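**Q** Mind looking over this structure? Questions follow.
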Amino acid sequence: MPTIAVLSDTHMPRGDRRLPDAAVAALNGAEHIIHAGDFSARSVLDELQRYGPPITAVHGNVDDAELRARLPETATLTMEGRTIAVVHDAGPAKGRLERLRRRFETADAVVFGHSHLPLHERAPDGFQIFNPGSPTERRRAPHRTIGLAHVDAHGISFELVIVG
Numbered sequence: 289m290p291t292i293a294v295l296s297d298t299h300m301p302r303g304d305r306r307l308p309d310a311a312v313a314a315l316n317g318a319e320h321i322i323h324a325g326d327f328s329a330r331s332v333l334d335e336l337q338r339y340g341p342p343i344t345a346v347h348g349n350v351d352d353a354e355l356r357a358r359l360p361e362t363a364t365l366t367m368e369g370r371t372i373a374v375v376h377d378a379g380p381a382k383g384r385l386e387r388l389r390r391r392f393e394t395a396d397a398v399v400f401g402h403s404h405l406p407l408h409e410r411a412p413d414g415f416q417i418f419n420p421g422s423p424t425e426r427r428r429a430p431h432r433t434i435g436l437a438h439v440d441a442h443g444i445s446f447e448l449v450i451v452g
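Note that our numbering has the sequence shown beginning at 289, numbered continuously upward.
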């Protein structure tokens with residue numbers, strides 16, 4: 289069962305900020321990496337690429353011009369017959385699940401970021417939305433977090449991992 293490391297809102301470099309060791313361990317153990325935007329600088333994308341797994345990424349609202357030119361606003365990853373769409377800002381909380389279902393109608397799940405608040409919701413038909421929070425800047429969240437997605441022919445399961 290392939291494992292995908294799911295990140296968003298790394299906001300680096302900033303001072304001595306770095307990815308927590310637990311996040312690095314998850315990246316090293318993953319078959320793929322998803323980043324839902326707000327790297328801040330291309331050096332962060334370059335750092336993630338050094339871990340080895342392929343990366344599916346979108347730009348966020350604080351990403352520099354180089355990243356905004358290089359990365360799309362939305363992306364999709366299909367693995368084991370399952371499709372995960374990726375977007376940075378999923379809009380207001382009210383109606384988010386239904387709105388993303390309509391926007392990405394062929395996806396099994398949508399990964400997003402922006403709020404720094406971890407979230408996992410599932411619709412009655414199995415469609416899911418997942419925000420991994422932030423591994424570096426928790427803001428109002430209780431912990432710094434990333435996500436793991438486990439994908440097989442039966443579906444996608446998401447797991448929130450506290451990294452600091």
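All C-beta atoms in this analysis are idealised placements derived from N, C-alpha and C, irrespective of residue type, glycine included.
What you are looking at is a predicted structure, and each value in this text was computed from that prediction instead of being measured.
Determine whether the beta carbon atoms of Val451 and Arg432 lie at a separation below 7 Å.
**A** Working through the sequence shown from its first residue, we reach residue 451 at position 163. Working through the sequence shown from its first residue, we reach residue 432 at position 144. Yes, the Cβ-Cβ distance between Val451 and Arg432 is below 7 Å.
**Q** What alpha helix (DSSP H) runs, 4 residues minimum, are completely inside the stretch 345-412?
**A** If only complete runs of 4 or more residues are kept, the stretch 345-412 shows the alpha helix (DSSP H) at 353-358, 384-391, in order along the chain.
**Q** Which same chain residues, not among the five before or five after Ala293, have their C-beta less than 6 Å away from its C-beta?
**A** The residue you call residue 293 lines up with position 5 of the sequence shown. Taken in chain order, the residues that qualify are Ala314, Leu315, Ala318, Ile321.
**Q** Apart from the five residues on each side of it in sequence, which residues of its chain come closer than 6 Å, Cβ to Cβ, to Asp392?
**A** For the purposes of this step, residue 392 is identified with residue 104 of the sequence shown, where counting begins at 1. According to the sequence displayed, residue 392 carries Phe and not Asp. Only Ala373, Val398 meet the Cβ criterion.
**Q** Between the alpha carbons of Arg358 and His347, how many angstroms are there, rounded?
**A** Against the sequence shown, residue 358 aligns to sequence position 70. Against the sequence shown, residue 347 aligns to sequence position 59. One C-alpha to the other measures close to 8 Å.
**Q** May I ask which residues mark the beginning and end of the beta strand (DSSP E) holding Ala437?
**A** Residue numbering aside, residue 437 sits at position 149 when the sequence shown is read from its first letter. From DSSP, the beta strand (DSSP E) with Ala437 extends over 433-440.
**Q** Helix or strand or just coil, what does DSSP make of Ser331?
**A** Here residue 331 corresponds to residue number 43 of the sequence shown, with the count starting at 1. Helix at Ser331.
**Q** Would you call Ser422 buried or exposed, if buried means 16 or more other Cβ atoms sit within 10 Å of its Cβ?
**A** Counted from its first residue, the sequence shown places residue 422 at position 134. Ser422 should be labelled buried.
**Q** Thr298 and Phe327: beta carbons closer than 7 Å?
**A** Walking along the sequence shown from the start, residue 298 turns up at place 10. Walking along the sequence shown from the start, residue 327 turns up at place 39. In contact: Thr298 and Phe327 (Cβ atoms closer than 7 Å).
**Q** Look at the Cβ atom of Glu368, then the Cβ atom of Asp440, and state whether they are nearer than 7 Å.
**A** As a position in the sequence shown, residue 368 is number 80, starting the count at 1. As a position in the sequence shown, residue 440 is number 152, starting the count at 1. Yes, the pair counts as a contact, with Cβ atoms nearer than the cut-off.
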